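Q: Structure incoming, see below.
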Amino acid sequence: MTVPQMLITIGAAAAATIATRALPYLAFREGRTPDVVRYLGRVLPGAVFALLVVYCLRNVDIAAGGGIPEAVGVLVAGGLYLWRRSMLVSIFAATAVYMVLVNAVF
Amino acid sequence: MRAAALRAAFPLTLPILAGFMFLGITCGIYAESLGLPWWVPTLMATAIFAGSAEFVVASMLTGAFDPVQTFITVFVINARHLFYGVTMLDRLPRRGRLRPYLIFGMCDETFSITCSHRAPEGVDEGWFMFFVALLNQLYWICGCTLGSIFGNLVAAEVAGVDFAMTALFVVIFLDQWLADRVHAGAAAGAVASIGALALFGPDSFIIPAMVAILVLLIAARPGVERRLGSDADGTASPKDGAPAPEGASVRGTAGSGEGDRP
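Line order of the protein sequences matches chains A and B. Numbering-wise (this note's numbering), the first sequence opens with residue 3 and increments by one. Numbering-wise (this note's numbering), the second sequence opens with residue -8 and increments by one.
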């Protein structure tokens, strides 16, 4: 591709991303949000975070025996959070454990 | 005012700093390995700001020129952001100069933090969200640029730093679970995502998962709203008494939004 073609391609990708982020605000203007959408706004966060966790782990191949470092990391993050209620402690400890597992053990 | 918002936002973005530097450097190295000019990752991080889409666009830049195909592909990859907008409809500042950037900068990680954390007492909510979004994007631009420029010099790449992102989402999922008294969203999300992943595989499960989440939640709406309705009157949060991380108040999104509209 030439440089102008690259710029147009990146521009198309930027426009598509902005569309996914801005469409709800354009579709549901202030004061005219349908009840079902407001209901979804209240219940979607739990669903979205479940989706994001699965999305992060989507390439783990359990059938091939993978996933042990990921499972340990998730348990460390979750367990520490229930215990200490500190986001940073949980994330850094889980990442450190995971890094040791993938680099030194598995 | 702004300094306080920045101070409140910065500690919450530290996990993103770790994750984005690593993923950004990876993205930059990848683009460099495809033979793209050094400024491509920097421009993509600035103008697109959506990690997984940028990897795909980088590979498209080496192929035939087809911006319509690029638009459709990126729209599908980023379709999950439609959910973020629906969730944040009542949370973003209604007007003002921060609003356009907050809509533009609402990537997965910025959504996660701004959805699950309120600005601390006395800190402006709009500026708090703005600094979360801005810091995250700066980390991403720095990572992508470093990877692109120094990619061929980085010999020892440490595997696993990107797990910070997974751990972040696990913790926020748990936090949301503890704050919600009705777990319909989490249940629908888990069932739909795992089911769609099993059926459609890792490369194309997001859209089916989103459709399944909508179907499940709309089907369950009468029962869920009955239980949400009885919760909405109570102002007490189930998290009262739990130490909030880094001084920012953590709150559940479900049950909020009531009464802040005429």
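Don't be surprised by glycine CBs; every beta carbon is placed ideally from N, CA and C. This one's a predicted model, so the numbers in the text were calculated from it and none came from an experiment.
In terms of DSSP beta bridges, what is HIS72(B) paired with?
A: None, per the DSSP bridge assignment.
Q: PHE1(B) CB to nearest chain A CB: under 7 angstroms?
A: no
Q: Looking only at its chain, what residues have a beta carbon closer than 6 angstroms to the beta carbon of GLY96(B), apart from the 5 residues adjacent to it on each side?
A: ALA124, GLN128
Q: Three or more C-beta pairs under 8 angstroms: does that hold for the region 32 to 44 of chain A against the region 203 to 213 of chain B?
A: yes
Q: By how many angstroms is the C-alpha of VAL161(B) removed from the C-alpha of LYS230(B)?
A: The pLDDT assigned to LYS230(B) is 40, lower than 50, so where the model puts this residue is not dependable; a value taken from the coordinates is nonetheless given after this. About 18 angstroms.
Q: Roughly how far, in whole angstroms, is the beta-carbon of ALA17(A) from the beta-carbon of PHE122(B), given that I think they are within contact range, below 8 angstroms?
A: So it is not a contact: roughly 26 angstroms between Cβ atoms.
Q: Thinking SER139(B) and ALA22(B) are a contact (beta carbons under 8 angstroms), I'd like their distance in whole angstroms, please.
A: 6 angstroms
Q: Any C-beta of chain A within less than 8 angstroms: which residues of the region 146 to 172 of chain B qualify?
A: VAL149, ALA150, GLY151, VAL152, PHE154, ALA155, MET156, THR157, ALA158, LEU159, PHE160, VAL161, VAL162, ILE163, PHE164, LEU165, ASP166, GLN167, TRP168, ASP171
Q: In chain A, what lies closer than 7 angstroms to THR61(B) by C-beta?
A: THR11, ALA14, ALA15
Q: Please check if any C-beta of chain A sits within less than 7 angstroms of the C-beta of CYS106(B).
A: yes
Q: Check ASN105(A) in the structure and name its three-state DSSP category.
A: helix
Q: Counting only Cβ-Cβ distances shorter than 9 angstroms, please list the residues of the region 38 to 58 of chain A near chain C, keeping chain order.
A: Note that chain C does not occur in the displayed structure, where the protein chains are A and B.
Q: What residues in its chain sit with their C-beta under 7 angstroms from that of ARG60(A), if we drop five residues either side in the sequence?
A: No residues qualify anywhere along the chain.
Q: Check MET3(A) in the structure and name its three-state DSSP category.
A: Secondary structure of MET3(A) (DSSP, three-state): coil.
Q: Is any beta-carbon of chain B found at less than 7 angstroms from that of ARG34(A)?
A: no
Q: Assess, as a yes-or-no matter, whether the region 82 to 100 of chain A is touched by the region 87 to 101 of chain B under the definition of 3 or more beta carbon pairs within less than 8 angstroms.
A: With the cut-off at 8 angstroms, the region 87 to 101 of chain B and the region 82 to 100 of chain A do not touch.
Q: DSSP three-state label for PRO193(B), please.
A: Correct three-state label for PRO193(B): coil.
Q: Taking the straight line between their C-alpha atoms, what separation do you get for ILE12(A) and PHE13(B)?
A: 22 angstroms
Q: Indicate whether the contact test is met: 3 or more Cβ pairs, each with one atom in the region 52 to 59 of chain A and one in the region 154 to 172 of chain B, closer than 8 angstroms.
A: yes
Q: Using a Cβ-Cβ cut-off of 7 angstroms, state whether SER139(B) counts as contacting chain A.
A: no
Q: Cα-Cα, which of ILE185(B), MET201(B), PHE154(B) is closest to ALA78(A)?
A: Looking at the sequence itself, residue 78(A) is Val, so the reference to Ala does not match. Comparing Cα positions, the closest option is PHE154(B).
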